[in-house]
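Asker: Below is the structure I would like to discuss, written out as C-alpha cells.
There are 4 protein chains.
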Amino acid sequence: MTAPIKPINLFEYETLAAKHLSQMALDYYASGAWDEITLRDNRAAFERYKLCPRMLVDVSRRDLSTTILGQSLQMPILIAPMAFQCLAHPEGEIATAKAAAKLGTVMVLSTLATKSLEEVALASKQTEQEASSIENRFWFQLYVHRDRGLTKALVERADEAGYRALCLTVDAPVLGRRERDRRNQFALPAGMELANLVTLTDLEIPYNPGESGLFTYFLEQLNPALTWKDLDWLQSISHLPLVVKGILRGDDAVRAVEHGARAVIVSNHGGRQLDGARASIDALSEVVASVGDKAEILVDGGIRRGTDILKALALGAKAVLLGRPVLWGLAVGGEAGVGHVLELLQDELDIAMALSGCAKLQDVDPSLVVRL
Amino acid sequence: MTAPIKPINLFEYETLAAKHLSQMALDYYASGAWDEITLRDNRAAFERYKLCPRMLVDVSRRDLSTTILGQSLQMPILIAPMAFQCLAHPEGEIATAKAAAKLGTVMVLSTLATKSLEEVALASKQTEQEASSIENRFWFQLYVHRDRGLTKALVERADEAGYRALCLTVDAPVLGRRERDRRNQFALPAGMELANLVTLTDLEIPYNPGESGLFTYFLEQLNPALTWKDLDWLQSISHLPLVVKGILRGDDAVRAVEHGARAVIVSNHGGRQLDGARASIDALSEVVASVGDKAEILVDGGIRRGTDILKALALGAKAVLLGRPVLWGLAVGGEAGVGHVLELLQDELDIAMALSGCAKLQDVDPSLVVRL
Amino acid sequence: MTAPIKPINLFEYETLAAKHLSQMALDYYASGAWDEITLRDNRAAFERYKLCPRMLVDVSRRDLSTTILGQSLQMPILIAPMAFQCLAHPEGEIATAKAAAKLGTVMVLSTLATKSLEEVALASKQTEQEASSIENRFWFQLYVHRDRGLTKALVERADEAGYRALCLTVDAPVLGRRERDRRNQFALPAGMELANLVTLTDLEIPYNPGESGLFTYFLEQLNPALTWKDLDWLQSISHLPLVVKGILRGDDAVRAVEHGARAVIVSNHGGRQLDGARASIDALSEVVASVGDKAEILVDGGIRRGTDILKALALGAKAVLLGRPVLWGLAVGGEAGVGHVLELLQDELDIAMALSGCAKLQDVDPSLVVRL
Amino acid sequence: MTAPIKPINLFEYETLAAKHLSQMALDYYASGAWDEITLRDNRAAFERYKLCPRMLVDVSRRDLSTTILGQSLQMPILIAPMAFQCLAHPEGEIATAKAAAKLGTVMVLSTLATKSLEEVALASKQTEQEASSIENRFWFQLYVHRDRGLTKALVERADEAGYRALCLTVDAPVLGRRERDRRNQFALPAGMELANLVTLTDLEIPYNPGESGLFTYFLEQLNPALTWKDLDWLQSISHLPLVVKGILRGDDAVRAVEHGARAVIVSNHGGRQLDGARASIDALSEVVASVGDKAEILVDGGIRRGTDILKALALGAKAVLLGRPVLWGLAVGGEAGVGHVLELLQDELDIAMALSGCAKLQDVDPSLVVRL
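Residue numbers (my numbering), protein chains in the order written: chain A, 1017 to 1388; chain B, 1017 to 1388; chain C, 1017 to 1388; chain D, 1017 to 1388.
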C-alpha cells in the first residue's frame, strides 16, 4: 500500500499531470479558444447521448481490433496530432510514438513536433520490430505553410520516412484565440525547436510581447488561402492517402471525399479554434449520414472514457483520436504513461462493449445510443 | 422529544446508515460504475416526469395489493437482489427476508448472499406462518457461473427450498467498474462468506491487490458467454417461472419473452454496470410498448419516494424493486429497519395514490404522467 | 433616509416576514410536500415561458379591472384561501379581508380560518362601505367534512353572511405530507382555534406526537370519498356559484363544468399536496383548451411578479390567486402589509401590460408568450 | 511586463470599469428590469446556438465592411444609444462619438445624452475629416415626449446637425422597473444635465424619494400613447430615414416596415424594460423571416464576443449594436477605451469569420448556426 498507486482512470492522470508541467505548458495543453465553451461542450455533449445496451450476447471473446486506411489497429483509438510534446516530457514525440507502436495503434505526428519526423519514424519502426508487428502505424499531420516549397519538402520527407497517411488540418487558417496563451505570451522554452522545420528554414515560434507566439507564427507562416483545390495539389505531390481533419458539416465532408480524402476526422480541434462551434460528437451523425461508406469517419474531442468511444462508434465513427490524455500520460510517465493511458481506455472500451453485448466493433450499431 | 426520532423518509435512513457502515461497505453499497452518471440519472430522470393527478375519485378505501407471477403481494414493492447483506447487519439476508415476509412482499435473494438460501427460506416461511399468510414470497436471483454443475445445483436447491421464481441477472457478463471498490480493493471481511456457494465449492471473493475482489470473482467465475438459448437450458432444469433482470431495450424484452420469461425487470443494475446507460425509468415505456401483456414488467433504479413508484406504475410497470434503501434500513435497524423503510414507502405510495385519484393499482393509468 | 424603507417587491416581503414568524408558522407557510419539487417547479416553470411584447399601442390609460363570476374586481388578483392566518398576525383573516376590500378584489376565506366567517364578512362589508364599493367581494372555501351536517351548516352560514361563491377544494382527500410540519409536530398555539367550527362542534387541530396535527385532522375529519356527484349535492343545498379549486387536467376541468362549476382554479395547492405534480402554469393551457368559454379559468401557484400574471393571462387565465405573499404582507404589516403586497403586484402588472402593448386585460392574447 | 496590461476581451473591461464608476452609475449601467431574467437570458441564449464552420475557403483577405441605410461602415457593429455617458467619463458622448468615427462605424446618440447633439455631431465630423472618411456616421435616438413641440424641435436640430437617421425607441412607453436604481433613488450628479433638452425647456431628471428619478421622468415626460400612426407624423416632419428600435415580434416588424421604417432593431432594451421578454437573439429569426428584404434588420442585447456577432449575422441580422461594453471602455479609458473595445470585437469577428470560412459578411449564411 505504500507503493505508488497507479491512476485508474484518465481524470487521475489529468490531476497528476498538473504537477509535472510548467504553468505555460499546462495552460497551453488545457486551454480552449475564447470562453472555452466548445471545450466544455465537447465533454458535456457525451452526456446527452445515453446507451441502450443489448443483453445475452456471447461476449466471452472480445476483439477491439480494426483497420483504418487498410492498416490493422489493435484498438479504435488513434493518437491525435499535438504540437510541442517535449513540453510534457524530454523524450516528447518519441515516447508517444513508442507507446503507440507497442500497443498497435497509430500516432499522428504534428508538423509542429519537437522531435523530427525521421527520429519519430525510426523509434516507431524499432518498437514495431520488437513486437514483430511491422505496420508503420504513423501518420504525418500537415499544416500547409505559405511557403509551398517547404510544405512539399515536408510531405516528401514524410513519405520517405515511411509515414502511411497525410493528415491535413483544415480548421486553422488562423490560430484560435486561446487567451491563457496570450496572457502567458506563449513561447517555446530555450532548447526546444520546431524539429521538422529547422533543417529546412530558420523558422521558430516567435516571441511577441502581449501575444501568443504560436498565434503569431500561424499568422505569418500558415496559408489562410487554402481551398479544396489544394487537395488536388497535395495528391499530385504525394501518393499517400489523404485524411482531412477538422470537419464539422456534412457538406464539407462530402467535399473532402470528392477531392480525394480517404478519411475524414470530425473535430473542432479540441475546442481550441472556433469557440462556440458544435461539439464534435454532435456533428458526427450529420457527417456519417452525408458520407456513407465513401470514406472512413473518425472523431476526436472530449474522449475520456471507454463509453465515450462506444457512443462515437455507435454514431458511426470507425475510430476516435485521443488528444490531451496522451499528454497527461506523457507528462506523468513518458512512454510508460502514454501506454498506460491507452491501456486504461482500451480496457474501459472492452468492458463497455462486453456490457453492451458487443463482442467486436462491427457489433456496435446505432441502436445502442439514444439522444436524451 | 428526548426519545430517538424515527426517520420519516428514506433519505434520512441514508444519512443514518452512513454512521453504521464501514467505509468499504458504504462505498460498495453507494457506488456506481465509472463516473456514476447513470447512478445520478436514475434519480434525476424521475423529475423529468410530472404527475397529472385526477380529482374527486372516491379514495376512502385504498388497496395497494397486487399479484406478481400469480403470487399475492401487499404492495407493488419487491426487494431487489443485493449481495453481501451481512456487511450491513449481522443477521444480513435473514433480517431482510423476515421484514419482507412480515409486510407481505417478495424478497429476491442474491446468489452472492452471506446467508444460505436454505436459512433465508426457513426464516421467511416461519415469519409467514406467524402472519398466517403462507405464500413463500421469496425468489432466487441467479448468476450463471462458468461451472454449469454449480449453477444447476443452486437452481435445484432454490427449488427444493421453496423459492417461487428464478430471477436471472443478464446485465453482468463482467462486473461494472466501480472505482471506489477498486480503490478500496474490495474484499469480504473475515468471517463472511458466499453462503450459497461454500457448501458446493471453495469459492470465495478473492483478495486482488489494486483491484476489486468482486470484479475479479466475476471475471474468473461467471459465464460471459451466456445467450438467450441458455434460458431454454434453465427452463429444462427447473420448472420455476423465469424472471429476466437487467433489460433496457424493447427488443431485448421481446427476446426474453420469446425465450420463456414470465417477467422482465427493466434495470441498469442501479447504475453499477454500464455507466452512461439510460435511466431505467426512461427505458420503461419502450419495454412496456414492446411486450404488451405477454409478460409482467417490473422496474428498479432510483426509487426513493412513493411518487417514484406511482410514476413507474403509470408508465406501465406492474411493480418496482427497491435496492439500496433496504440496505440503509438494514444497517440502521436490522429487520425492524427494513420493515420501516418498506412501511414508509408503502405509506407514501398510499398517500400519492389518494392524491391522484387512485383507490387501487389498476386505477393508475398512463395519463397520470407527462414528460416535461 | 433613516425612515424604514418599504419593501419594493414580494421577495423582500418574504425575507422580512421570516423575522416576524415563529419557526413553526414559517415552516407551515413555506413548506411543500415531500421533496418540495413541485413547490420549486411552480416558480421555475414561469421562466420556461417568454414574453413577446407588442409595441406602439396606446397604453396611456390602463385598466386592470375585470369581472369574475359577475363581480367587478379592480385587478385580476384574488387572495387564495389559506388556513390559520392568526399565525401571521393577531388580526388574521380580518386584516386580510379589509385589505382585499379596500383594493377591490376578492378574498377567499378558508374553512380553517382562525376568525369566523361572520366576523370576516362583517369586516369586509364595512370596508367596502367606506369605499362606497358594495360588492361583497368574499368567497368561502369549503373543505367537505365526513360530517355532512357540519358541512351543510358551514355552507348555509356562508350564504347567510353574504359570501358570493363557494370555492370547493378538491385536491385534498388526504393532506399532503409536509415533512417540516411533521418534524415540528405542527399544532395551533394556545388561544388559536378553528373559528368556523368551534361553534358547531368541538373540533380542533389535535396534537399528535411525531405527526403534523393538521395531517391527523384531515385523516379524521375530511371526507376522502368525495366525488363529482357531491357537486350536485352541494348545489342542492346552496344557490351560490361553485368554484372548483385544485384541477391539473383538462378532463377533470370538463367534469367540473359538467357538474355545474362556474369557475375552475388550476392549482397544485402551492406544491403542498402531491409532490411531483406538474406546475400549475404548465397545466393551464390544457385546461383552457378543454373548457373553452364554458367556465372561467383561474390559476394559482408561484405568482410573485406582475409578469407571472401577464403570462398566466396570456395562457388563458381570467385571473390569478395569490397565496404565500399575502401571508408575508400580513406578518410584516397586518392589513397595511397585505394591501401593499397587492399594490406592488398591481403596479408590476400595470407596468408589464404597458410594456407589452396591453391597455386592458382583453388585450392580453396567447401570442404574448412562447415556450422556450 | 511591469507596464499596465491592456484588457484582452470585453469581460476584462467589465471588471476594470467597476473600479472607475460610482455605485449609482455602475448599478445604472449594469441593471436589468425586476429579476434581471432577460438580462441574463440575453447572454445565455447565445450558447443555445452552435456554429457549424465551413472549411477550406480562401480567407486570406477578409472584409468586415458593410453598408447600413446606404452608409458605409467598417464593421457591422454600431454603438447603441445609451443615456448619461458623462457618468462614465467627463467627455461622455463626445469621446464615444470620436471613437466611432475613428473606427468608421455609427454611433447612435441618445435623446438623454449629457452632451448636446450639436457638440457630438461636431466632434464626429472633425474626427471623420482627420480620417478623410466623411460619412456623418451618427444617428439620433428619439424618445417622443408628451410635448410634441419639443420632440419636433429635437428632430429638426438632429437633421440640421447632420444626423443621418432617426432611431425611434418604441419599447419604452414607461420605463422598466430597475430595482437597483429604485433603491439608489437614481438621479444625475450635480453638474450633469440633459444636454439636448436644457436649451429647449427646463427639463431635468427629478429627485424622487424612494424612486428612480429616471422612472419618474419617463412617467411625466414621455408619451405612452404613441402608436404606429405617429411614425407617419415623424416622417412628415423629417426626411431622415427611420429606424425602429425595440421589436421582438415578426408582426410588429412588418408593421414598422409598413409605416416606413427603413431598418428594425430587434431588441429588449438590454433586459431593462420588460423582464421575462425573450432574448433578442431568440426573436431575430422570426423578425428576419417576416420582413424579408423589405428592411434592414439589426439586433442588440448581450453581444460580448465576435462569435455572438457571427451568430447574429448567420441568423439574418445585417449588423449588431453594442451597448454596455462601450460604457466599460469609456469608463476605463475614454475615447481610447471605447476604440479598443470596438477593435477587440472587430478582431474577434475577423478571426471568427476566418475560422468559419467567411471572407466577407455576405458569406455568412444561415447554415452556420444550429440551435442545440
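The beta-carbon is built from N, C-alpha and C at its ideal position, and this holds for glycine as well.
Beta carbon of residue 1198 of chain D, beta carbon of residue 1227 of chain D: below 8 Å?
Answerer: Contact flag set, yes.
Asker: What's the C-alpha gap between residue 1348 of chain A and residue 1095 of chain A?
Answerer: If I take the Cα positions, the gap works out to 17 Å.
Asker: Listed from N- to C-terminal order along the chain, which residues in the segment 1189 to 1202 of chain D have their beta-carbon within a distance smaller than 8 Å of any beta-carbon of chain C?
Answerer: The residues in question are 1189, 1190, 1192, 1193, 1195, 1198 and 1199.
Asker: Chain B partners of residue 1063 of chain A, CB-CB under 7 Å?
Answerer: Correct list: 1053.
Asker: In chain C, what lies closer than 7 Å to residue 1067 of chain B by C-beta?
Answerer: By Cβ distance, chain C contributes 1290, 1292, 1293 and 1294.
Asker: What first and last residue would you give for the beta strand (DSSP E) that runs through residue 1156 of chain C?
Answerer: Per DSSP, residue 1156 of chain C belongs to the beta strand (DSSP E) from 1154 to 1158.
Asker: For residue 1301 of chain C and residue 1382 of chain A, I'd like the C-alpha separation in whole angstroms.
Answerer: About 37 Å.
Asker: Distance check for residue 1356 of chain D and residue 1018 of chain D, CA to CA, integer angstroms please.
Answerer: Caution is warranted here: a pLDDT of 44 is assigned to residue 1018 of chain D, below 50, making its placement in the model unreliable, and no coordinate value can be reported.
Asker: What does DSSP give as the partner residues of residue 1312 of chain A in its beta bridges?
Answerer: Note: residue 1312 of chain A sits in a beta bridge opposite A:1279.
Asker: Do residue 1128 of chain A and residue 1189 of chain A have their C-beta atoms closer together than 8 Å?
Answerer: Their beta carbons are not under 8 Å apart, which means residue 1128 of chain A does not touch residue 1189 of chain A by this criterion.
Asker: Taking only beta-carbon positions, decide if residue 1323 of chain A is within less than 8 Å of chain B.
Answerer: It does: the Cβ of residue 1323 of chain A has a partner Cβ on chain B nearer than 8 Å.
Asker: Give me the subset of the segment 1068 to 1094 of chain B whose CB atoms are less than 8 Å from a CB atom of chain C, sorted by chain position.
Answerer: Those residues of the segment 1068 to 1094 of chain B that come within reach of chain C (Cβ to Cβ, closer than 8 Å) are 1068, 1069, 1070, 1071, 1072, 1073, 1074, 1075 and 1076.
Asker: Following the continuous beta strand (DSSP E) through residue 1066 of chain D, name the residue where it begins and the one where it ends.
Answerer: Where residue 1066 of chain D is concerned, the enclosing beta strand (DSSP E) stretches over 1065 to 1067.
Asker: Give me the chain B residues within the contact set of residue 1280 of chain C, using Cβ-Cβ distance strictly less than 8 Å, ordered along the chain.
Answerer: Those within 8 Å of residue 1280 of chain C in chain B number zero; the least Cβ separation is about 11 Å.
Asker: Can you tell which of A:1327, A:1337 and A:1352 has its C-alpha closest to the C-alpha of residue 1065 of chain A?
Answerer: Of the candidates A:1327, A:1337 and A:1352, the one whose C-alpha sits nearest the C-alpha of residue 1065 of chain A is A:1327.
Asker: Taking residue 1160 of chain C as the reference, which of C:1249, C:1291, C:1215 and C:1342 has the closest Cα?
Answerer: For residue 1160 of chain C, the nearest C-alpha among the options comes from C:1249.
Asker: Are residue 1316 of chain C and residue 1337 of chain C touching if we call contact CB-CB under 8 Å?
Answerer: In contact: residue 1316 of chain C and residue 1337 of chain C (Cβ atoms closer than 8 Å).
Asker: Which ranges does the beta strand (DSSP E) cover as unbroken runs of at least 3 residues, wholly within the segment 1047 to 1084 of chain A, from first to last along the chain?
Answerer: Here the runs fully enclosed are 1065 to 1067 and 1082 to 1084.
Asker: Measure the Cβ-Cβ separation of residue 1097 of chain D and residue 1126 of chain D and say whether it is below 8 Å.
Answerer: Yes.
Asker: State the CB to CB distance for the pair residue 1264 of chain A and residue 1284 of chain A, rounded to an integer number of angstroms; the pair is presumed to be in contact (CB under 8 Å).
Answerer: Indeed, because the Cβ distance is near 6 Å, the residues count as touching under 8 Å.
Asker: Take residue 1216 of chain B and list the residues in its own chain whose beta-carbon comes closer than 8 Å to its own, dropping the five residues that flank it on each side.
Answerer: Hits under 8 Å: 1166, 1169 and 1170.
Asker: Compute the distance between the beta-carbons of residue 1187 of chain D and residue 1262 of chain D, then report whether it is under 8 Å.
Answerer: Yes, the pair counts as a contact, with Cβ atoms nearer than the cut-off.
Asker: Whose C-alpha, out of B:1275, B:1225 and B:1207, is nearest the C-alpha of residue 1200 of chain B?
Answerer: Comparing Cα positions, the closest option is B:1225.
Asker: Give me the chain C residues within the contact set of residue 1038 of chain B, using Cβ-Cβ distance strictly less than 9 Å, ordered along the chain.
Answerer: Under the 9 Å cutoff, chain C gives no residues; its nearest Cβ is about 29 Å from residue 1038 of chain B.
Asker: Can you list the residues of chain C that residue 1262 of chain D reaches, using a CB-CB cut of under 7 Å?
Answerer: Those are 1071, listed as they occur along chain C.
Asker: Determine the contact status of residue 1100 of chain A and residue 1204 of chain A, defining contact as a CB-CB distance below 8 Å.
Answerer: A contact, by the Cβ cut-off of 8 Å.
Asker: According to DSSP, simplified to helix, strand and coil, what is residue 1232 of chain B?
Answerer: The answer is helix: DSSP assigns residue 1232 of chain B an H, G or I state.
Asker: Between the C-alpha atoms of residue 1025 of chain B and residue 1054 of chain A, what's the straight-line distance to the nearest angstrom?
Answerer: C-alpha separation (whole angstroms): 41 Å.
Asker: Is the CB-CB distance between residue 1184 of chain D and residue 1258 of chain D below 8 Å?
Answerer: Result yes, Cβ atoms of residue 1184 of chain D and residue 1258 of chain D sit closer than 8 Å.
Asker: Any chance the CB of residue 1139 of chain A is under 7 Å from a heavy atom of the ligand GTP?
Answerer: Of the ligands one can find in the structure shown there are none, so the ligand GTP has no counterpart to examine.
Asker: Could you tell me the alpha carbon to alpha carbon distance between residue 1218 of chain D and residue 1157 of chain D, rounded to whole angstroms?
Answerer: Taking the straight line from one Cα to the other gives about 20 Å.
Asker: Please list, in chain order, the chain B residues whose beta carbon lies closer than 7 Å to that of residue 1205 of chain C.
Answerer: The premise fails here: residue 1205 of chain C is roughly 17 Å from chain B at the closest Cβ pair, so nothing lies under 7 Å.
Asker: Since residue 1384 of chain A contacts residue 1068 of chain A with CB under 8 Å, what's their CB separation in whole angstroms?
Answerer: With a Cβ gap of about 6 Å, residue 1384 of chain A and residue 1068 of chain A count as contacting.
Asker: Measure the beta-carbon distance from residue 1084 of chain A to residue 1311 of chain A and round it to whole angstroms, keeping in mind my assumption that it falls under 8 Å.
Answerer: Wrong, their Cβ atoms sit about 11 Å apart, outside the cutoff.
Asker: For the segment 1234 to 1267 of chain A, which residues have a beta carbon sitting closer than 7 Å to at least one beta carbon of chain D?
Answerer: Here the close residues are 1240, 1241, 1242, 1243, 1244, 1262, 1263, 1264 and 1265.
Asker: Quick check on the DSSP output: the alpha helix (DSSP H) that includes residue 1143 of chain A runs from which residue to which?
Answerer: From DSSP, the alpha helix (DSSP H) with residue 1143 of chain A extends over 1133 to 1146.
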